[in-house]
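As numbered in my numbering, residues 190 to 317 make up the sequence shown, in order. All C-beta atoms in this analysis are idealised placements derived from N, C-alpha and C, irrespective of residue type, glycine included. This structure is a prediction, so every number in the text was calculated from the model and none was measured. The next block holds one structure in the form of structure tokens; read it before the comments.
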Amino acid sequence: MAEFRYLLRRFLAFSETAAKDAGLTPRQHQALLAIKGFGGEEPVAIQDLAERLGVQHHSAVELVDRLAEAGLLDRRADPVDRRKVRLVPTAAAERHLATLSAAHLDELRRLRPALIGILQALDEAPSC
Numbered sequence: 190m191a192e193f194r195y196l197l198r199r200f201l202a203f204s205e206t207a208a209k210d211a212g213l214t215p216r217q218h219q220a221l222l223a224i225k226g227f228g229g230e231e232p233v234a235i236q237d238l239a240e241r242l243g244v245q246h247h248s249a250v251e252l253v254d255r256l257a258e259a260g261l262l263d264r265r266a267d268p269v270d271r272r273k274v275r276l277v278p279t280a281a282a283e284r285h286l287a288t289l290s291a292a293h294l295d296e297l298r299r300l301r302p303a304l305i306g307i308l309q310a311l312d313e314a315p316s317c
């Protein structure tokens with residue numbers, strides 16, 4: 190378990206550094222990833238983003254404000270409920286995500302042997 194937690198911390202540290210090197214804060218990167226990865230055809234609402242990030246609604250609004258000001262996110266009125274706002278990544282955000290995703294996949298591939306070893310050890314460990 191300790192080795193698994195260590196690898197997770199290393200990966201998270203890598204992720205934070207990669208985001209900063211790309212000109213994003215780690216939270217901005219997480220938000221764009223959550224919005225992009227939410228799935229489905231419908232754009233994401235701020236309340237959905239808040240839930241995904243584990244933050245309060247007002248914190249998600251502040252983050253969305255900063256992303257929109259940076260040209261990374263568009264806000265669109267919900268066609269069904271005009272009180273709601275839908276979030277759509279801009280082309281600039283998509284470029285950041287493509288670059289960062291490639292770097293993250295490379296890092297995961299690098300960590301893969303250690304991760305596989307840890308997961309295989311779980312199969313062999315006695316149950317509690």
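8 Å Cβ cutoff met for residue i and residue j
{"i": "D263", "j": "V253", "result": "no"}
{"i": "A281", "j": "G260", "result": "yes"}
Where residue i falls: helix, strand or coil (DSSP)
{"i": "R301", "result": "helix"}
{"i": "T288", "result": "helix"}
Same chain only: Cβ atoms within 8 Å of residue i, ignoring 5 sequence neighbours per side
{"i": "V250", "result": "I235"}
Beta-bridge partners of residue i, as assigned by DSSP
{"i": "D172", "result": "There is no way to answer for residue 172, as the model of the chain reaches only from 190 to 317."}
{"i": "V233", "result": "L276"}
Start-to-end residues for the alpha helix (DSSP H) that takes in residue i
{"i": "L196", "result": "A191 to D210"}
{"i": "A314", "result": "A314 -> no alpha helix (DSSP H), and no H or E assigned at all."}
7 Å CB neighbourhood of residue i in its chain, flanking five on each side removed
{"i": "P232", "result": "R265, R275, L276 and V277"}
{"i": "L289", "result": "A207, A208, A211 and H218"}
{"i": "D273", "result": "Going by the sequence as given, residue 273 is Lys instead of Asp. If we look at K273 and ignore the five residues flanking it on each side, its Cβ neighbours are A234 and D267."}
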